[in-house]
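S.K.: This is the structure I have questions about; it appears just below.
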Amino acid sequence: MNRAQQPCYTPVAPLPPGHGEALALLGLIDRALWIYDFDKTRIVWANAQGLAFWQAHSVAELAARDFNPVGQGTAERLGNLRVALGAGGGTRHENWTYFPGGEPCSRECRISAVSLEDGRLAMLVDAGTGTFERSALPPDFTYELRAIAAVRQSPLMISLCTHEGQWLMHNPAAEALVNRLSLINLPGFDNFLAMFAHPAEAAALRSKALQKGSAHGIQQMAGNTLRLHQITLRRLNDPVTGRLSLLLSQQDVTRAQRLERRLKKALVREKAMVETQRLFLSITSHDFRTPLTIIDGAARRIGRMAGSDSAIAARADAIRATATRMAQAVDRTLGWSSIAEGKVAFHPELLDIGPLLEKAVASQRTLHPDRAFVIELGDVPSLLLDAGLVERSLDNLLSNALKYSPQGASVDVRCIRRGKRVELSVTDHGIGVPAADMRRLFTRFFRSANTKGTKGTGIGLNAVKFYMGLHGGKVAVRSVEGEGSTFTLVFPIR
Numbered sequence: 428m429n430r431a432q433q434p435c436y437t438p439v440a441p442l443p444p445g446h447g448e449a450l451a452l453l454g455l456i457d458r459a460l461w462i463y464d465f466d467k468t469r470i471v472w473a474n475a476q477g478l479a480f481w482q483a484h485s486v487a488e489l490a491a492r493d494f495n496p497v498g499q500g501t502a503e504r505l506g507n508l509r510v511a512l513g514a515g516g517g518t519r520h521e522n523w524t525y526f527p528g529g530e531p532c533s534r535e536c537r538i539s540a541v542s543l544e545d546g547r548l549a550m551l552v553d554a555g556t557g558t559f560e561r562s563a564l565p566p567d568f569t570y571e572l573r574a575i576a577a578v579r580q581s582p583l584m585i586s587l588c589t590h591e592g593q594w595l596m597h598n599p600a601a602e603a604l605v606n607r608l609s610l611i612n613l614p615g616f617d618n619f620l621a622m623f624a625h626p627a628e629a630a631a632l633r634s635k636a637l638q639k640g641s642a643h644g645i646q647q648m649a650g651n652t653l654r655l656h657q658i659t660l661r662r663l664n665d666p667v668t669g670r671l672s673l674l675l676s677q678q679d680v681t682r683a684q685r686l687e688r689r690l691k692k693a694l695v696r697e698k699a700m701v702e703t704q705r706l707f708l709s710i711t712s713h714d715f716r717t718p719l720t721i722i723d724g725a726a727r728r729i730g731r732m733a734g735s736d737s738a739i740a741a742r743a744d745a746i747r748a749t750a751t752r753m754a755q756a757v758d759r760t761l762g763w764s765s766i767a768e769g770k771v772a773f774h775p776e777l778l779d780i781g782p783l784l785e786k787a788v789a790s791q792r793t794l795h796p797d798r799a800f801v802i803e804l805g806d807v808p809s810l811l812l813d814a815g816l817v818e819r820s821l822d823n824l825l826s827n828a829l830k831y832s833p834q835g836a837s838v839d840v841r842c843i844r845r846g847k848r849v850e851l852s853v854t855d856h857g858i859g860v861p862a863a864d865m866r867r868l869f870t871r872f873f874r875s876a877n878t879k880g881t882k883g884t885g886i887g888l889n890a891v892k893f894y895m896g897l898h899g900g901k902v903a904v905r906s907v908e909g910e911g912s913t914f915t916l917v918f919p920i921r
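For the sequence shown, position 414 matches number 841 in our numbering, and the numbering has no gaps at all.
And the structure:
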């Protein structure tokens, strides 16, 4: 490309004076040179050595290539270069690894600012002539090269400073932070403390790291915008001077801290709500128990007074059964409240599960005399059981089976021994559970999508799972939507 075809660039020192001849003079230098446009991420000019380095036949071919950085760390490094050059930072000496032809090539580069013909900032790169022959490098050195690249590409902000607060190095992420805070590494000034909104706290953290070897904490950064960083400091010796220094790593945790504060506030509100519910349930349950006890006692006396009048005795028994069911409902409500508080009383005894099962089925038969129950009770050993909690679990599974199955469908109950455990299953032939809801079925307050028209709280199965956990067992479920479900209580044999 002759000079008449070349775009007009205005070089910035230390390029030769006289912009009209600048590129022509640079073209004669026996070193790889090129100009990189920050905005377009393109190389817009290169001399012959630069074209050879990039394996390009012409400037036009090279300018057509996309040099948009692959790694975020590289993008931050270029951004930092742009800030430094734009601020009149002079010539930068940096080691860069390029990939002409897809192969890594490291060069010690001199980087200077130039102005493009439209006034935009670009950089002139002098990549010299020397390069590392990576195939000849010892394995330890290739490991170091990869470690350097990892630090440069890391989103973690990593810096090295003296114990007096002078910056020794930043990786690109940390340098980008320094640029955003408009901080300068001033000699004789504690630049480390200038980074933070509360220097006294940062100084205390640094003193701890110098004394104990490491320290960490959350610090508010300087500036008008609230930013919180997780800070880690580690004591070490500068590998260049041997002086006592500190490795600083930072991570922005502003969003996490805000979410944590919101969650804490929500937790406080939730605890207050639960406590209010607990008090309400406790008071209300007591208010219910007293009249229920009176009703039950009165019905019992009426039954005795009825004598041979079977009709009156039957009605008295019905009143007592209803009062008992209401008392059980109160107990269940208190039980759910206790689960929420984690205060469920658990008193296991060595018991036969058969009578508990028969009692639970009998209770449901009283409530649903027209429903059929098919019971299979195998030869099972006695188990360590809390009778009240097992009865509540069975009552929940049986009532659900009746609630979510057609009027004429039977409920099958089976209790067998399988190895070192006893399995008690309740099977219905009802609506089943949608596959999408199976994962959340035992979550408190969750109800399946196909149960919206049926009354329920979404608490029962969660309570069953909790009670079985106290027994060292579990509750399992198999279900097909539209065909029915089988819930199985699994008790360990001890």
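Cβ atoms here follow ideal geometry from the backbone N, Cα and C, with glycine treated the same way.
#1: With burial defined as no fewer than 16 other Cβ atoms inside 10 Å of the residue's Cβ, what is the status of Glu702: buried or exposed?
#2: Leu505 to Arg633, Cα distance in whole Å?
#3: Roughly how far, in whole angstroms, is the beta-carbon of Val853 from the beta-carbon of Ser906, given that I think they are within contact range, below 8 Å?
#4: Which same chain residues end up closer than 8 Å to Ala726 when comparing Cβ atoms and leaving out the 5 residues on each side of it in sequence?
#5: Do the CB positions of Phe623 and Ala649 come within less than 8 Å of each other?
#6: Would a C-beta distance cut-off of 8 Å place Lys847 and Pro775 closer than the cut-off?
#7: Around the Cβ of Ile538, are there at least 16 other Cβ atoms within 10 angstroms (buried) or fewer (exposed)?
#8: If you run the structure through DSSP and keep just helix, strand and coil, what is Val788?
#9: In the DSSP output, which residue or residues are listed as bridge partners for Leu460?
#10: Helix, strand or coil for Thr720 per DSSP?
#11: With a threshold of 8 Å on Cβ separation, who are the neighbours of Val801 within its own chain once the five nearest residues in sequence on each side are excluded?
#12: From the DSSP output, in three-state form, read off Asn522 for me.
#13: Which residues does DSSP pair with Gly644 in a beta bridge?
#14: Assuming contact is defined by CB atoms lying nearer than 8 Å, are Leu674 and Arg661 in contact in what I supplied?
#15: Buried or exposed, going by whether 16 or more other CB atoms sit within 10 Å of the CB of Ala828?
#16: Is there contact between the stretch 482-494 and the stretch 460-471, where contact requires at least three CB pairs shorter than 8 Å?
#17: Examine the Cβ distances between the stretch 549-557 and the stretch 450-462 and report whether three or more of them are shorter than 8 Å.
#18: Do you know offhand how far Phe773's Cα is from Lys786's?
#19: Give me, in chain order, the residues of the same chain whose beta-carbon lies closer than 6 Å to that of Leu851; leave out the 5 immediate sequence neighbours on both sides.
#20: Give every residue of the same chain whose Cβ lies closer than 7 Å to the Cβ of Pro528, excluding the five residues on either side of it in the sequence, and list them in chain order.
#21: From Ser832, Ser586 and Val849, pick the residue whose C-alpha is nearest to that of Asp806; which is it?
#22: With DSSP as the reference, label Arg921 as helix, strand or coil.
#23: If you draw a straight line from the alpha carbon of Trp594 to that of Val771, how long is it in whole angstroms?
#24: I'd like the ranges of any alpha helix (DSSP H) spanning at least 4 consecutive residues and lying wholly in the stretch 576-648.
#25: By a C-beta neighbour count over all protein chains shown, 10 Å radius and 16 as the cutoff for buried, is Gly896 buried or exposed?
#26: For Tyr894 and Phe914, what's the separation of their Cα atoms in angstroms?
#27: Going by Cα to Cα distance, which pick from Val541, Val578 and Gly911 is closest to Asp464?
#28: With H, G and I counted as helix, E and B as strand and the rest as coil, what does DSSP make of Val439?
#29: DSSP beta-bridge partners for Gly911?
#30: Would a check of beta-carbon distances place Arg682 closer than 8 Å to chain D?
#31: Give the secondary structure of Ile886 by DSSP, where H, G and I count as helix, E and B as strand, and everything else as coil.
#32: Short check: CB of Gln647 to CB of Pro582, under 8 Å?
#33: With a threshold of 16 other CB atoms inside 10 Å of the CB of Lys790, please say whether the residue is buried or exposed.
#34: What residues match up with Val840 in a beta bridge as DSSP calls it?
#35: In chain order, what residues of the same chain lie with their CB nearer than 6 Å to the CB of Leu824, ignoring the 5 residues before and after it?
#36: Quick one: give me the first and last residue of the beta strand (DSSP E) that Leu825 is part of.
M.R.: Considering the structure as presented:
#1: exposed
#2: 30 Å
#3: Val853 to Ser906, Cβ: 12 Å. No contact.
#4: Ala743, Asp744, Ile746, Arg747 and Ala750
#5: yes
#6: no
#7: buried
#8: helix
#9: Asp553
#10: helix
#11: Ser837, Val838, Asp839 and Val840
#12: strand
#13: Ile658
#14: yes
#15: buried
#16: yes
#17: yes
#18: 20 Å
#19: Cys842 and Leu916
#20: In the sequence as displayed, the identity of residue 528 is Gly instead of Pro. Same-chain partners within the cutoff: Gln482.
#21: Val849
#22: coil
#23: 59 Å
#24: 599-607 and 626-639
#25: exposed
#26: 14 Å
#27: Val541
#28: Per-residue confidence for Val439 stands at a pLDDT of 40, beneath the threshold of 50, marking its modelled position as unreliable; no derived number is given.
#29: Val907
#30: Among the chains in the structure shown there is no chain D, since it carries only a single protein chain.
#31: coil
#32: no
#33: Before going on, a small fix: residue 790 reads as Ser here, not Lys. Looking at its Cβ environment, which holds 16 or more other Cβ atoms inside 10 Å, Ser790 is buried.
#34: Ile802 and Val853
#35: Val853 and Phe914
#36: That residue, Leu825, is in no beta strand (DSSP E); its alpha helix (DSSP H) goes Ala814 to Lys830.
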